[in-house]
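Undergrad: Below you'll find the structure I mean.
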Amino acid sequence: MPHIGNDIVDLREPLNVRKSRDLRFLKKILTAAEIEFVQGAKNSDQALWSFWACKEASYKVIKKKYPDARFLPRRWQVLLRQTASSHIDGEVVIPAKDKVYVRVFFHAEYVHCIGADDQKALKNVICKVKALEVKENTKEKDASLFLRQSFAQGLIAQLHLSHSDIKIKREKEQGGLGPPRLYIGGKKSVIDISLSHDGRFVAYVFLT
Numbered sequence: 003m004p005h006i007g008n009d010i011v012d013l014r015e016p017l018n019v020r021k022s023r024d025l026r027f028l029k030k031i032l033t034a035a036e037i038e039f040v041q042g043a044k045n046s047d048q049a050l051w052s053f054w055a056c057k058e059a060s061y062k063v064i065k066k067k068y069p070d071a072r073f074l075p076r077r078w079q080v081l082l083r084q085t086a087s088s089h090i091d092g093e094v095v096i097p098a099k100d101k102v103y104v105r106v107f108f109h110a111e112y113v114h115c116i117g118a119d120d121q122k123a124l125k126n127v128i129c130k131v132k133a134l135e136v137k138e139n140t141k142e143k144d145a146s147l148f149l150r151q152s153f154a155q156g157l158i159a160q161l162h163l164s165h166s167d168i169k170i171k172r173e174k175e176q177g178g179l180g181p182p183r184l185y186i187g188g189k190k191s192v193i194d195i196s197l198s199h200d201g202r203f204v205a206y207v208f209l210t
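Start counting at 1 in the sequence shown, then tack on 2, and there's your number in this note's numbering.
Structure below.
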């Protein structure tokens, strides 16, 4: 079964705005070629966070295959090519591991990337981006709860399950908690999932 991952970046989140001007930050997470591309891009913030989302989504994929994998974004090379008006396809090359195939979706307010270790899986995943109702006192846990509820609703609609059938667990692995895993009827499911949120947006992906 292919492994999948996803990442979303809110382009209007204050901490993300104009971050492409921070050369020290760029050098921590991008290759020299990627930095050059970002600095020459018409929308430099969008370019930066596209690279970042690709690397984050790829890490979520690789971590499932290799629990001891480390996130070393500066060493990972993102290769993107225009394939459609709605998205860009490409791959992330990870030294000593594997490549991860990625698809990036652009929106005026966010960048969303899905990744998989099987290129065909990108065509078969079910993914959704939803806007979080932002309140003055919204906390991280509120976004996480909204994300899990949104994912459960999407899965229920797709597989005709009841809400009580579904549980999401993160088990202890090397270095901390592992990725979220889906349990249906108390049993670990073969359905791979990936959850992410940033700022005003949440996103989920699953592969049946």
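Note that beta-carbon positions come from the ideal geometry of N, C-alpha and C, so glycine has one too.
Report yes or no: do three or more beta-carbon pairs, one from the stretch 31 to 39 and one from the stretch 90 to 101, lie closer than 8 Å?
TA: no
Undergrad: Residue ranges of each alpha helix (DSSP H) run of no fewer than 4 residues wholly in the stretch 31 to 109, ordered along the chain?
TA: 34 to 42, 46 to 67
Undergrad: With 16 other CB atoms within 10 Å as the buried threshold, where does A49 fall?
TA: buried
Undergrad: Apart from the five residues just before and just after R105, which ones in its own chain have a Cβ nearer than 6 Å to its Cβ?
TA: H89, D91, I116, L124
Undergrad: Going along the chain, which residues of its own chain have a beta-carbon closer than 8 Å to the beta-carbon of P182, five neighbours each way excluded?
TA: I170, K171, R172, I195, S196, L197
Undergrad: If you drop the 5 nearest sequence neighbours on each side, which residues of the same chain put their C-beta closer than 6 Å to that of G201?
TA: D12, E15
Undergrad: Mapping the DSSP letters down to three states, classify I193 as helix, strand or coil.
TA: Coil.
Undergrad: From what residue to what residue does the beta strand (DSSP E) around L179 run?
TA: First-last of the beta strand (DSSP E) with L179: 178 to 186.
Undergrad: Taking DSSP as the reference, what is the three-state secondary structure of R14?
TA: Reduced to three states, the DSSP call for R14 is coil.
Undergrad: Give me, in chain order, the residues of the same chain whose beta-carbon lies closer than 6 Å to that of L28; leave out the 5 immediate sequence neighbours on both sides.
TA: I37
Undergrad: When DSSP builds the beta bridges, which residues end up paired with A205?
TA: Answer is V131, S198.
Undergrad: In its own chain, which residues sit with a C-beta less than 6 Å from the C-beta of L82, not counting the 5 before and 5 after it?
TA: I90, G92
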